[in-house]
Amino acid sequence: MNQAITDNRLMTKAEQFIRECYVELGIPEDRQEERIREIRSELEATGTYVHTSIELTHGARMAWRNSNRCIGRLLWHTLHVVDARHVRTAEDAYGQLLDHIRFATNGGKIRSTITVFPPRKNAADPLRVLNHQLIRYAGYEADGQVTGDPASLPFTRLCENLGWQGEGTPFDVLPLVIREDGKAPELFRIPDDVVMEVPITHPDNKALGELGLKWYAVPMISDMLLEIGGIEYPMAPFNGWYMGTEIGARNFADEDRYDLLPAVAKVFGLDTSSNRSLWVDRALVELNVAVLHSYQMAGVTLVDHHTAAEQFRKFEENERKHGRPVTGNWTWLIPPLSPASTHIFHRPYNNEKLSPNYVYQAPPEI
């Protein structure tokens, strides 16, 4: 593509972002125009531009606000942004990621956090983390049977090829795999004391606790790209906190994940001989009750899907008051348990992709 066309597109995106960002922050119009001139000069000289700390922080928050698949956007403006654009080595990135995990976990009082590493430049990524989430469980396959998380089978094999060996339990925490530009991926173990996990028990049935289930406290997505004003940050792991159904109705319940509904039905003595007994539904509810109970007992932040839907209603109201469009992907916004009991189920949403935003990206070549 012609470089002039590329520069013009980047300038257009940059100007659009600066105007929107600065208006929201109450920065005078004369400073907006001055900043746009600075960016134009920088782009002409270098082919790119560098966000100020204020632009990076508010841009990352705007990206959360624009995330169509997220039901938890009410507190978008509270996102804690860590500027790690100075980091250049895999070793230093590892330290930053451990800091992120510790800060975000906060003893269970989860803090929404993003750590932003250097941007893509000349189609090259200075750093990439290959994990889907900073913390996730391994999956092992033998004789057609899977131990652990089936979703992690390919990544677990990659880690094993790089020299990692897990204990073979259903809940082995995978290492971090970080690739520094021009080098082979490096493996880094996450210390046990950094990972907070929640044992899963049921308030009314002790037998469920005997299944030995647990889950990690914080979901930290690490393979998406953060785009702000045309600048792409390929390594920008971020987290909020769990909605209970993400664990109880998906991670534990999906047939291609831990597939625990038959085991839970057995614990509760449900009749699994016919679908008409609604044993699947009853097991699903009890499993979600257990997740909510367990996180509360452990003092770990987690929201139920009814409260999350009400918070999203408040988010919609706030956005309309500010004259901003509310976008959303309906299939992701409805909770996987009792969706028709929420207002979201009964409303259409515009799935237009706004900028800034978090974007799915292809995994790096290894």
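My numbering numbers the first residue of the sequence shown as 1 and each following residue consecutively.
Beta carbons: idealized from backbone N, C-alpha and C, even for Gly.
Nearest to residue i by CA position, among the options, is which residue?
i, options, result
"D290", "T46, H202 and V359", "The question names Asp, but residue 290 in the sequence shown is Ala. Nearest option by C-alpha distance: H202."
"W76", "R102, A124, S67 and D99", "S67"
"I39", "G148, V173 and G229", "G229"
"P191", "I135, K214 and Y242", "I135"
"L260", "F238, L284 and G240", "L284"
"M196", "I178, V173 and F188", "V173"
"E141", "T331, E160 and S274", "E160"
"Q96", "R69, A123 and V129", "V129"
"P199", "G212, K206 and L187", "G212"
"A14", "Y358, R37 and D30", "R37"
"L226", "Y22, A45 and A60", "A60"
At which residues does the beta strand (DSSP E) containing residue i begin and terminate?
i, result
"R145", "A quick correction: the sequence has Gln, not Arg, at residue 145. Segment Q145 to G148, the beta strand (DSSP E) holding Q145."
"G139", "G139 to A142"
"H58", "First-last for H58: S53 to R65, but that is the alpha helix (DSSP H), not the beta strand (DSSP E)."
"D83", "H80 to D83"
Along the chain, where does the alpha helix (DSSP H) containing residue i start, and where does it finish?
i, result
"K314", "H305 to K321"
"Y94", "A90 to T105"
"F155", "L153 to N161"
"W330", "W330 to L333"
"S41", "E29 to T46"
Considering only the beta carbon of each residue, do residue i and residue j sit closer than 8 Å?
i, j, result
"P119", "E232", "yes"
"H80", "R102", "no"
"D7", "L56", "no"
"G72", "Q311", "yes"
"I221", "P237", "yes"
"M243", "V303", "yes"
"I18", "Q32", "yes"
"R257", "A151", "yes"
"Y137", "M224", "no"
On the DSSP bridge list, what partners appear for residue i?
i, result
"L187", "V177"
"I344", "Note: I344 sits in no beta bridge, so no partner."
"R128", "R179"
"E361", "Note that residue 361 is Gln in the sequence shown, not Glu. For Q361, which the question treats as bridged, DSSP gives no partner whatsoever."
"V389", "Residue 389 cannot be examined here, being either before or after the span of the chain that is shown, 1 to 366."
"T327", "N350"
"Q16", "Its beta-bridge partners do not exist; DSSP assigns none."
"L302", "Y242"
"Q133", "I221"
"K121", "A124"
Q: Go through the stretch 195-279 residue by residue and report every complete run of the beta strand (DSSP E) that reaches 3 residues or more, in order.
A: 197-199, 214-216, 224-228 and 231-233
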